[in-house]
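Q: Quick one: the structure is below, questions incoming.
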Amino acid sequence: MTYLVLARKWRPQTWNEVVGQQHVTATLRNAIEHNRLAHAYLFCGPRGVGKTSAARILAKALNCQKGPPLAPCNACSSCVEITESRNMDVLEIDGASNRGIDDIRDLRESVRYAPIAGKFKIFIIDEVHMLSNDAFNALLKTLEEPPPHILFIFATTEPQKVPATIVSRCQRFDFHRANLNEIVTLLKRICESESMAVDDDALLLIAKKSDGSLRDSQSILDQIVSFSTGPISQSDVIKALGIIDQELYFRASDCIASGNGPGFLDLAETVFMQGTSADEFLSGLIEHFRNLLVTGDAGNAAALEMPEADKKRYMDAAAQFKIEDLLRLIRIAADSLHSLKQGIHPRFVLEFAVVKMARMDRTVTVDDLLASIAKLKQGLSGPPPAPGFPPSSPLPKTERPRAAASEPAVPQTEGMPKEHDSSPAPAADSPFSLEDIQNGWAELIQEVKNGSVTTGSFLLEGAPVGLEGNIVTIGFRMCNGFHIDAILRAESNIHDALKKVYGRNLRFRCVKGEFAQLESRKSLSKEEQLQKLKETNPTIDLLTKELGADLA
1 MTYLVLARKW
11 RPQTWNEVVG
21 QQHVTATLRN
31 AIEHNRLAHA
41 YLFCGPRGVG
51 KTSAARILAK
61 ALNCQKGPPL
71 APCNACSSCV
81 EITESRNMDV
91 LEIDGASNRG
101 IDDIRDLRES
111 VRYAPIAGKF
121 KIFIIDEVHM
131 LSNDAFNALL
141 KTLEEPPPHI
151 LFIFATTEPQ
161 KVPATIVSRC
171 QRFDFHRANL
181 NEIVTLLKRI
191 CESESMAVDD
201 DALLLIAKKS
211 DGSLRDSQSI
221 LDQIVSFSTG
231 PISQSDVIKA
241 LGIIDQELYF
251 RASDCIASGN
261 GPGFLDLAET
271 VFMQGTSADE
281 FLSGLIEHFR
291 NLLVTGDAGN
301 AAALEMPEAD
311 KKRYMDAAAQ
321 FKIEDLLRLI
331 RIAADSLHSL
341 KQGIHPRFVL
351 EFAVVKMARM
361 DRTVTVDDLL
371 ASIAKLKQGL
381 SGPPPAPGFP
391 PSSPLPKTER
401 PRAAASEPAV
411 PQTEGMPKEH
421 DSSPAPAADS
431 PFSLEDIQNG
441 WAELIQEVKN
451 GSVTTGSFLL
461 EGAPVGLEGN
471 IVTIGFRMCN
481 GFHIDAILRA
491 ESNIHDALKK
501 VYGRNLRFRC
511 VKGEFAQLES
521 RKSLSKEEQL
531 QKLKETNPTI
541 DLLTKELGAD
551 LA
């Protein structure tokens, strides 16, 4: 007797045997029970998930000689004939080879005739999206108002190609891909019935390779059984199907984590020597990075559908990578896959990709940088010395100061204390001078930066040029009006910083002009300024050495 492949032998014959499509089978059974059948159905979904099988089961249920029952008996002559595709009342048409308008005209002619033996005359058109536009147009009227004994069932893997005028005349059912557990359960039942010895890891690998298609999984199982002469293991599936061993992907991630470019190139050489295509390896590498990403983000490998031993390995490997690095690796692999379509030699594309991955700089976040700077600051023995301003010079007469002194006759101006502010001047027994302000100026700027980096940077453009009572005069260049406005908006913060650094209730005012302190700073080049800062401030010196910092 001729051998019958597993995909045909185990084709669903009842509603209960249809795997993973309960939303479809329940609706159709209820429609039969309550006599609410539509005259046309459209079954959509990927290959091998049971669309045509469901159409046959529906046809058998409607024309069963015992019914129509909710499920076909599969014993009467009508059910047997439909199962064997020789029933005269159930016509299965291939849309790919009968796609012309003449074929549809013949179908319209046959619609006029009543069924021979059954209650319904049923037309099952597979791959209906292959019909031509003229054929669809010829079918419209018949599909909208068919005789009461006619039922149309369309099946397609590409519903977007079916005209909306056809879809609107049908009840649409979307079939889903079967998940791994459903496929493995079905394969186990088949193996037990057929007395096949196949381990669970092998069945899981077959299910993953089938990509949600039950028919594909059964065909692969058939192929593996023919390949192996004894009990089937996971290694047999890998050899028979030419699947890339998962071990290669773990070696690849280890090379990336350690920056081992030569080792990764040797791995790419191994892939080519095995006859594996570059796009297949890159696609598997993307899946591998995805598994690492899911494991690292969730903190566990529960979401991965694989053996427990592989889950443990992914937990260990994910600890070597940051989420941001994995996203960049996926992008490199995806870009390389795209490059393969541009006609570049596959070997070159793969080698470029592996070298780029192995030599990729690790992601450094802003938090990491701030933590590094904090460590450097903690290593210093004390506060940095002041950069050293030249001696005080009298205020220039080129421009009237923007802020008046503390005389009561002068109106309230920029940076001055308000009328209700009666902060005391420095005590007589505690002398305080402009030189003291200059010596602590760098520490003041750092304190302001701790609260607002922007305000501290603007304040760095000025210099203390005078001290009258408890009022500090800060000089700026003529072009620094924008800086002064920004500083005045943070007046209270600067007052707090003055008190914290100098231990006194000091106030400030801002003036513009030509000051010797600013001119001497301006005359220095960028390199000279950096060198001076390094000499006077150990923090700057450490930043340039450890982080490669430079003046912007």
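For the sequence shown, this note's numbering assigns the number 1 to the initial residue and increments by one for each residue that follows. Even for Gly, the Cβ is constructed at its ideal location relative to N, Cα and C. If you're wondering where the values come from, they're calculated on a predicted model, not measured in any experiment.
What are the partner residues of glycine 475, as DSSP defines its beta bridges?
A: Locating residue 475 in the sequence shown gives position 475, counting from the first residue. DSSP output for glycine 475 lists Ala463, Val511 as bridge partner(s).
Q: Take the Cβ of threonine 295 as the centre, count every other Cβ of all protein chains shown within 10 Å, and call the residue buried at 16 or more, exposed below.
A: Indexing the sequence shown from 1 puts residue 295 at position 295. It is buried - the Cβ of threonine 295 has at least 16 other Cβ atoms within 10 Å.
Q: Please identify the residue among Glu305, Leu329, Ala309, Leu205 whose C-alpha is closest to the C-alpha of cysteine 255.
A: Here the question's residue 255 lines up with position 255 in the sequence shown. For the residues Glu305, Leu329, Ala309, Leu205, the minimum Cα distance to cysteine 255 belongs to Leu329.
Q: Mapping DSSP to helix, strand and coil, what is glutamine 171?
A: The sequence position of residue 171 within the sequence shown is 171, counting from 1. Reduced to three states, the DSSP call for glutamine 171 is strand.
Q: Within this structure, are the beta carbons of histidine 149 and phenylalanine 120 separated by less than 8 Å?
A: In the sequence shown, residue 149 corresponds to position 149, counting from 1. In the sequence shown, residue 120 corresponds to position 120, counting from 1. Yes; because the gap between Cβ atoms is below 8 Å, this pair is in contact.
Q: Contact defined as beta carbons within less than 8 Å: I believe leucine 180 pairs with glutamate 305. What is the distance between those atoms, to the nearest angstrom?
A: Here the question's residue 180 lines up with position 180 in the sequence shown. Here the question's residue 305 lines up with position 305 in the sequence shown. Right, their Cβ atoms sit about 5 Å apart.
Q: Would you give the residue range spanned by the alpha helix (DSSP H) that leucine 282 belongs to?
A: Locating residue 282 in the sequence shown gives position 282, counting from the first residue. Here the alpha helix (DSSP H) through leucine 282 covers 278-298.
Q: Would you decide whether tyrosine 3 is buried or exposed? Buried here means 16 or more other CB atoms lie within 10 Å of its CB.
A: Within the sequence shown, residue 3 is the residue found at index 3, counting from 1. Exposed, since its Cβ has fewer than 16 Cβ neighbours within 10 Å.
Q: Alpha carbons only, please: which of Thr454, Leu293, Lys512 is nearest the one belonging to proline 464?
A: Numbered from 1 along the sequence shown, position 464 holds the residue referred to as residue 464. Selected option, being the one with the closest Cα: Lys512.
Q: What's the C-alpha gap between arginine 99 and valine 111?
A: For the purposes of this step, residue 99 is identified with residue 99 of the sequence shown, where counting begins at 1. For the purposes of this step, residue 111 is identified with residue 111 of the sequence shown, where counting begins at 1. Straight-line Cα distance between these residues: approximately 17 Å.
Q: When the Cα of serine 457 is compared with those of Gly466, Gly275, Glu443, Gly469, which residue comes out closest?
A: By 1-based counting over the sequence shown, the position of residue 457 is 457. Selected option, being the one with the closest Cα: Glu443.
Q: Check the DSSP bridge columns for cysteine 64 and list the partner residues they point to.
A: Translated into the one-based positions of the sequence shown, residue 64 becomes position 64. According to DSSP, which records beta bridges pairwise, cysteine 64 is partnered with nothing at all.
Q: Can you look up leucine 42 in the DSSP assignment and give me helix, strand or coil?
A: Position 42 of the sequence shown, counted from the first residue, corresponds to residue 42. If DSSP states are grouped into helix, strand and coil, leucine 42 belongs with the strands.
Q: Looking only at its chain, what residues have a beta carbon closer than 8 Å to the beta carbon of leucine 139, apart from the 5 residues adjacent to it on each side?
A: Reading the sequence shown from its first residue, position 139 is the one you call residue 139. Excluding sequence neighbours, leucine 139 sits near Ile104, Leu107, Arg108, Leu131, Ile166.
Q: Could you give the C-beta distance for proline 72 and isoleucine 57, rounded to a whole number, given that I count them as a contact under 8 Å?
A: Position 72 of the sequence shown, counting from 1, holds the residue named residue 72. Position 57 of the sequence shown, counting from 1, holds the residue named residue 57. So it is a contact: roughly 6 Å between Cβ atoms.
Q: By how many angstroms is the C-alpha of serine 219 removed from the C-alpha of leucine 6?
A: Translated into positions along the sequence shown, residue 6 becomes position 6. Translated into positions along the sequence shown, residue 219 becomes position 219. Taking the straight line joining both Cα atoms gives about 7 Å.
Q: If distances are taken between C-alpha atoms only, which option among Ser452, Gly475, Gly462 comes closest to serine 492?
A: Residue 492 sits at position 492 when you count from the first residue of the sequence shown. Of the candidates Ser452, Gly475, Gly462, the one whose C-alpha sits nearest the C-alpha of serine 492 is Ser452.
Q: Using CA coordinates, which residue listed in Phe482, Ile494, Glu182 is at the minimum distance from isoleucine 471?
A: Walking along the sequence shown from the start, residue 471 turns up at place 471. Answer by Cα proximity: Ile494.
Q: Since leucine 91 sits in a beta bridge, which residues does DSSP pair it with?
A: If you number the sequence shown from 1, residue 91 lands on position 91. Leucine 91 is bridged to Phe123.
Q: For glutamate 305, which three-state DSSP category applies?
A: To locate residue 305, count along the sequence shown from 1; it is residue 305. If DSSP states are grouped into helix, strand and coil, glutamate 305 belongs with coil.
Q: Does the beta-carbon of threonine 270 have 16 or more other beta-carbons within 10 angstroms, so that it is buried, or is it exposed?
A: Stepping through the sequence shown from its first residue, residue 270 is reached at position 270. By the 10 Å Cβ count, threonine 270 comes out exposed.
Q: Rounded to the nearest angstrom, what separates isoleucine 437 and tyrosine 502 at their Cα positions?
A: Sequence index remark: in the sequence shown, residue 437 carries index 437 (1-based). Sequence index remark: in the sequence shown, residue 502 carries index 502 (1-based). Distance between the alpha carbons of isoleucine 437 and tyrosine 502 is about 8 Å.
Q: Are three or more beta carbon pairs between the segment 144-160 and the segment 35-44 nearer than 8 Å?
A: Segments in contact, yes.
Q: Between glycine 275 and serine 77, what straight-line distance do the alpha-carbon atoms span, to the nearest angstrom?
A: Residue 275 sits at position 275 when you count from the first residue of the sequence shown. Residue 77 sits at position 77 when you count from the first residue of the sequence shown. The straight-line gap from Cα to Cα measures roughly 52 Å.
Q: For lysine 66, count neighbouring C-beta atoms within 10 Å of its own C-beta (all shown protein chains included) and say buried if the count is 16 or more, exposed if not.
A: Position 66 of the sequence shown, counting from 1, holds the residue named residue 66. By the 10 Å Cβ count, lysine 66 comes out exposed.
Q: Taking 8 Å as the limit between beta carbons, can you name the residues of its chain near asparagine 74, skipping five residues before and five after?
A: Mapped onto the sequence shown, residue 74 falls at position 74. Closer than 8 Å at the Cβ level, and outside the excluded window around asparagine 74, lie Gln13, Thr14, Lys60, Val80, Thr83.
Q: Taking buried to mean at least 16 other C-beta atoms within 10 Å of its own C-beta, is glycine 20 buried or exposed?
A: Position 20 of the sequence shown holds residue 20. It is buried - the Cβ of glycine 20 has at least 16 other Cβ atoms within 10 Å.
Q: How many angstroms separate the CA atom of aspartate 126 from the CA atom of leucine 91?
A: As a working mapping, residue 126 is identified with position 126 in the sequence shown. As a working mapping, residue 91 is identified with position 91 in the sequence shown. Between aspartate 126 and leucine 91, the C-alpha separation is close to 11 Å.
Q: Does the contact criterion of 3 or more C-beta pairs under 8 Å hold for the segment 343-357 versus the segment 307-314?
A: Contact fails: fewer than three Cβ-Cβ distances are below 8 Å.
Q: Should serine 228 go down as buried or exposed, given a rule of 16 or more other Cβ atoms within 10 Å for buried?
A: Taking the first residue of the sequence shown as 1, we reach residue 228 at position 228. With 16 or more other Cβ atoms within 10 Å, it is buried.
Q: Could you compute how far the alpha carbon of glutamate 419 sits from the alpha carbon of alanine 490?
A: If you number the sequence shown from 1, residue 419 lands on position 419. If you number the sequence shown from 1, residue 490 lands on position 490. Because the pLDDT of glutamate 419 is 40, which lies under 50, any placement of that residue in the model is unreliable, and the number read from its coordinates should be weighed accordingly. Rounded to whole angstroms, glutamate 419 to alanine 490 spans 19 Å at the Cα level.
Q: If we count the other Cβ atoms within 10 Å of its Cβ and call it buried at 16 or more, is asparagine 87 buried or exposed?
A: The residue labelled residue 87 in the question sits at position 87 within the sequence shown. Buried, since its Cβ has 16 or more Cβ neighbours within 10 Å.
Q: Jot down the residue ranges of each uninterrupted beta strand (DSSP E) in the segment 165-245, minimum 3 residues, whole runs only, in chain order.
A: With a minimum length of 3 residues, the continuous beta strand (DSSP E) runs that stay inside the segment 165-245 are 171-174.
Q: Short check: CB of valine 225 to CB of leucine 204, under 8 Å?
A: On the sequence shown, residue 225 is found 225 positions in, with the first residue counted as 1. On the sequence shown, residue 204 is found 204 positions in, with the first residue counted as 1. No, the pair does not count as a contact, with Cβ atoms beyond the cut-off.
Q: From the DSSP secondary-structure annotation, give me the bridge partner or partners of glutamate 468.
A: Mapped onto the sequence shown, residue 468 falls at position 468. According to DSSP, glutamate 468 bridges with Ile471.
Q: Would you tell me roughly how many angstroms separate the C-alpha atoms of serine 423 and alanine 516, rounded to the nearest one?
A: Translated into positions along the sequence shown, residue 423 becomes position 423. Translated into positions along the sequence shown, residue 516 becomes position 516. For serine 423, the pLDDT reaches just 44, beneath the cut-off of 50, and the residue's location in the model is therefore unreliable, leaving the point undetermined.
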